[in-house]
């Protein structure tokens, strides 16, 4: 019970508010329909389901037997009813973001993924490039300050300054930059755009850098994103001194169109350290650690997310997408919308309980 006067933010509670908290659950059995309606007042004598007179439940179980399982739902509902009366918007309670019990997008406890499903996910060793975010912004060519283009950074090249650097856009010819450049004289001091494929990322970066490019933009040619460029052959050998970034396929096409238009186009290229934290253990993700990236792009410590997926849920802890094929999930259901719908349904169902 809450004290009269004061209470929450100095507000007084009226008799209706206090009455909600004074309700005592009492379990009684309906001989007609077999139900044991919860949360009854001592004065209630009829079953709210079928209207038949209520009797004590079989085998005892009278009110006040000390079983917390009966009291917890009442307290939850009472607190929420009082919050609604006070105009307070409570956060989601534990379990509200969990999905349907069978095969839904929520992946409830006990419906973990199999070892084979987890092994098929993206296991990786974190690099500093993965823990930094980058972007490319068009500030010229009449674009009117369009949206930033998300970019990833190569792990064999320096990062752009946090404050950003402004460079004119150019496009390599040939686009793959795998052989001698036909327009090498036009690339000096520019952000040179090339296309993925044909040769290694380090080979492209060195060739464009030798032509005088101040930054290298590699356009992804697949839908795999985010994609982090590495130098598995060791070709860079510390010789790449300009930033190397990858942009999405659609953004690469946009930049290629701008470069081909003949209009001067200026880009602002920036990067910053991401505030990366493993949501499960609440510890910082660091370069060199083993991690697992889910298809939604969210990163976790490999050990943490493996335990989560095997023993608890088949969902991403952050966005709640389900990745268990055993559960028949398609990773398309919006868990937030589901939770909101459940809150509305619960509010509608309990609206008459306290009137």
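Residue numbers (our numbering): 8 to 362. C-beta atoms are modelled at their ideal positions from N, C-alpha and C, and glycine is treated no differently. All values derive from a computational prediction rather than experimental measurement.
Beta-bridge partners of residue i, as assigned by DSSP
i: residue 202; result: 226
i: residue 305; result: Per DSSP, none; premise fails for residue 305.
i: residue 280; result: 139
i: residue 329; result: 322
i: residue 144; result: 275
i: residue 253; result: 159 and 225
i: residue 291; result: 284
Own chain residues within Cβ distance below 7 angstroms of residue i, not counting five before or after
i: residue 351; result: none
i: residue 125; result: 313, 316 and 317
i: residue 72; result: Summary for residue 72: the model assigns pLDDT 42, below 50, so the residue's position carries little reliability, and this model does not support an answer.
i: residue 17; result: Bear in mind that the predicted position of residue 17 carries a pLDDT of just 42, short of 50, making it too unreliable to give a figure here.
i: residue 258; result: 156
i: residue 233; result: 159 and 304
i: residue 231; result: none
i: residue 6; result: The chain is shown from 8 up to 362; residue 6 falls before or after that span and cannot be answered.
i: residue 13; result: With a pLDDT of only 42 at residue 13, under the threshold of 50, the placement of this residue in the model should not be trusted; the figure read from the coordinates follows. So no residue of the chain qualifies.
i: residue 246; result: 213
i: residue 203; result: 225, 226, 227 and 228
Boundaries of the beta strand (DSSP E) in which residue i is found, first to last residue
i: residue 298; result: 297–300
i: residue 173; result: 172–178
i: residue 130; result: 129–132
i: residue 158; result: 156–160
Proximal residues to residue i (C-beta, below 8 angstroms), its chain only, five neighbours per side dropped
i: residue 122; result: 317
i: residue 168; result: 277 and 278
i: residue 244; result: none
i: residue 188; result: 179, 180, 181, 194, 214, 215 and 218
i: residue 254; result: 143, 156, 157, 158, 224, 225, 226, 227 and 262
i: residue 266; result: 176, 177, 178, 200 and 272
i: residue 291; result: 283, 284 and 285
i: residue 240; result: 207 and 209
Start and end residues, alpha helix (DSSP H) containing residue i
i: residue 256; result: 256–267
i: residue 215; result: 208–217
i: residue 124; result: 122–126
Inter-residue CB distance, residue i and residue j (contact presumed, cutoff 8 angstroms)
i: residue 132; j: residue 297; result: 6 angstroms
i: residue 263; j: residue 289; result: Residue 263 to residue 289, Cβ: 42 angstroms. No contact.
i: residue 166; j: residue 250; result: 6 angstroms
i: residue 177; j: residue 200; result: 7 angstroms
i: residue 287; j: residue 311; result: 4 angstroms
i: residue 325; j: residue 305; result: 5 angstroms
i: residue 141; j: residue 236; result: 12 angstroms between Cβ atoms; not a contact.
Sequence-distant residues of the same chain with beta carbon closer than 6 angstroms to residue i, five excluded per side
i: residue 175; result: 197 and 273
i: residue 135; result: 294
i: residue 190; result: 180
i: residue 211; result: 184 and 201
i: residue 129; result: 300
i: residue 280; result: 139
i: residue 172; result: 276
i: residue 146; result: 273 and 275
8 angstroms Cβ cutoff, residue i in contact with chain D
i: residue 120; result: Protein chains in the displayed structure number just one, and chain D is not present.
Contact test: residue i Cβ vs the ligand ATP heavy atom, cutoff 7 angstroms
i: residue 122; result: As presented, the structure is devoid of all ligands, the ligand ATP included, so that no description of it is given.
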